[in-house]
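Start counting the sequence shown at 633; every next residue gets the next number (my numbering).
The C-beta atom is built at its ideal place from N, Cα and C for all residues, glycine as well.
First comes the structure, then the notes that go with it.
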Amino acid sequence: MKTFTQRLGTPALHETGKEKTESNERRSPINERLSTVSQDRTGSPVIKEETRPEKAQAEGKRASADTFAASDFAAAQASNPSAASAAAKPGPGFGSGPARLATGLGMTLALALAAKALALIPGLNVVGQLVLALLLGIAWRAAAPVPASAPAGLAFASKKLLRAGIILLGMRLSLLDVVHAGPAVFAASAGNILFATVVVYAIARRMNVGPRLAMLSACGTGICGAAAIAGISPQIKADDDETAVGVTVIALLGTLFTVAYTLVYPLLGFSSAEYGFFSGATLHEIAHVIAAASPGGSAAVDSALLAKLTRVALLAPVALALGVWAARRERRGADEGAPASAASGAAGSAAPRKAGVPVPWFIVGFLGAAALNTIGIVPQPAAAAAVQGAYLLIAMAMAGLGLNVNLAVFRRHGLRASAAVLLGSVLLSLLGIAEVYVLRLLG
């Protein structure tokens, strides 16, 4: 077998005597370094891993993973000790199935029932159960910490129960009433939604409000307050902070405008039916509409509900349209953020992907429930009970949002959004007054 120097092809074999001795002395440090490198390579983790049996390799990988996990936990603990500790040990109520949801759902149910009781108090009935549930959740979060076992139930209430509540809310809507209202009322409601959505969104964006919060505020102003925000939020992928801020802004300004409407009613010179249409076509929440129209009597309330429910019926197509808008906006942002080289390479390797139209199945369910109520298959007491259940589920969702709300986010974005909604609502009210005069001329 050839020696290491023979394999290298060195002329050492032809050296003799003193030359060979000097050459070997010069080569000794080199051989030592080569030997050291060889030992280092043999002792490296890579070489050892290649020569281990499969079982040993698996154990080594697990140990390496444990090492990385430990280092990640140490880093997390250094940056946020309380969060790391909470992640390290599960809180009470954690487990599988319904047990892990119990704490959060229990909290939202308690707050929803408390909000329902408060809404029966004169004065607070103007605010409504949904808004009160949100405000109670915010107050709880500000006064006491949320239990570590609550987030799973809060998330379930804010998403799953919210969708179920919107579906059941369709039992309040009769599509025949929308048809019987006539094309003039339908056109006015559609025009108001379009006007409020575009104007409030544009104003909010000019005030540096984020696009999702701006759209939620615009839809809450134009369609039906908290219920619209709850229905639109999943379509545009708004987070809990944005949804809670949007609902709070609409609640505060809707209440303010409700009081203002009752004060200016004697000065407007409208009939009861005209004042009811004006209230239903421009105010935010159904609770706001009923409270504001009450001074005009039953005729005003009926007219207000008809105009308002026409706006509610348009929630489904608006949600679909906004889902498409959000998908295109997201795709456009991704295309603009991609490097030009990557874009050209992708264009050469694959065809451009078309974004699918998001289908809000809960909105489809909302229309299905409205259709059942219109046909009359569901008995009226059962439909009324379904509507009460819908408000309870949506109130639980609002309480869950309130318990997750970040007051710092509201202070940072809520004031600007409030200013945008205030200005947009004033303009919408002026448009509503003009519509009353146009409808009077049309007879």
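Original post:
How about the stretch 881-894 and the stretch 808-826: do they share at least three Cβ pairs that are nearer than 8 Å?
Top reply: no
Subject >> Three-state secondary structure (DSSP) of residue 1067 >> reply: helix
Subject >> Between the CA atoms of residue 1001 and residue 930 - distance to the nearest angstrom >> reply: 27 Å
Subject >> Where residue 781 falls: helix, strand or coil (DSSP) >> reply: coil
Subject >> Between the CA atoms of residue 927 and residue 913 - distance to the nearest angstrom >> reply: 17 Å
Subject >> Span of the alpha helix (DSSP H), counted from its first residue to its last, around residue 795 >> reply: 794-801
Original post:
In chain order, what residues of the same chain have a beta carbon less than 8 Å from the beta carbon of residue 946, not counting five sequence neighbours either side?
Top reply: 821, 822, 825 and 855
Original post:
When you compare each of 801, 859, 771 and 732 to residue 746 by their alpha carbons, which one comes out closest?
Top reply: 771
**OP:** Put residue 705 into one of helix, strand or coil per three-state DSSP.
**Re:** Unreliable positioning characterises residue 705 in this predicted model, as indicated by a pLDDT of 37, which lies under 50. The coordinate reading is nonetheless provided below. Residue 705 falls in the helix class under three-state DSSP.
Original post:
What separation, rounded to the nearest whole angstrom, lies between the Cα atoms of residue 750 and residue 776?
Top reply: 21 Å
Original post:
In terms of residue numbering, what span does the alpha helix (DSSP H) encompassing residue 805 cover?
Top reply: Element bounds for residue 805: n/a, residue is neither H nor E.
Subject >> Local conformation of residue 1057 per DSSP, three classes >> reply: helix
Original post:
Quick one, which of 819, 848, 1035 and 940 has its alpha-carbon nearest residue 907's?
Top reply: 940
Subject >> alpha helix (DSSP H) runs contained entirely in the stretch 991-1034, provided each spans 4 or more residues >> reply: 993-1007
**OP:** For residue 608, I'd like the list of residues in its chain whose CB is within less than 6 Å of its CB, leaving aside the five on either flank, ordered along the chain.
**Re:** With the chain running from 633 to 1075 in the structure shown, residue 608 is simply not present.
Original post:
Is residue 681 buried or exposed, if buried means 16 or more other CB atoms sit within 10 Å of its CB?
Top reply: Only weak support exists for where residue 681 lies, its pLDDT of 38 falling under 50; the value from the coordinates is given anyway. Label assigned to residue 681: exposed.
**OP:** Give the straight-line distance between the Cα atoms of residue 805 and residue 828, rounded to the nearest whole angstrom.
**Re:** 22 Å
Original post:
Any chance the stretch 800-817 sits against the stretch 1016-1035, with 3 or more Cβ pairs inside 8 Å?
Top reply: yes
Original post:
Quick one: what does DSSP say residue 917 is sitting in, helix, strand or coil?
Top reply: coil
Subject >> Presumed contact (8 Å Cβ cut-off) between residue 790 and residue 1027, rounded CB distance >> reply: So it is not a contact: roughly 12 Å between Cβ atoms.
Original post:
If we call anything under 9 Å between Cβ atoms a contact, is residue 870 one with residue 844?
Top reply: yes
Subject >> Extent of the continuous alpha helix (DSSP H) run through residue 894 >> reply: 872-900
**OP:** Output the distance between the C-alpha atoms of residue 894 and residue 936, rounded to the nearest integer angstrom.
**Re:** 14 Å
**OP:** Within 10 angstroms of the Cβ of residue 1069, are there 16 or more other Cβ atoms? Answer buried if so, exposed if not.
**Re:** exposed
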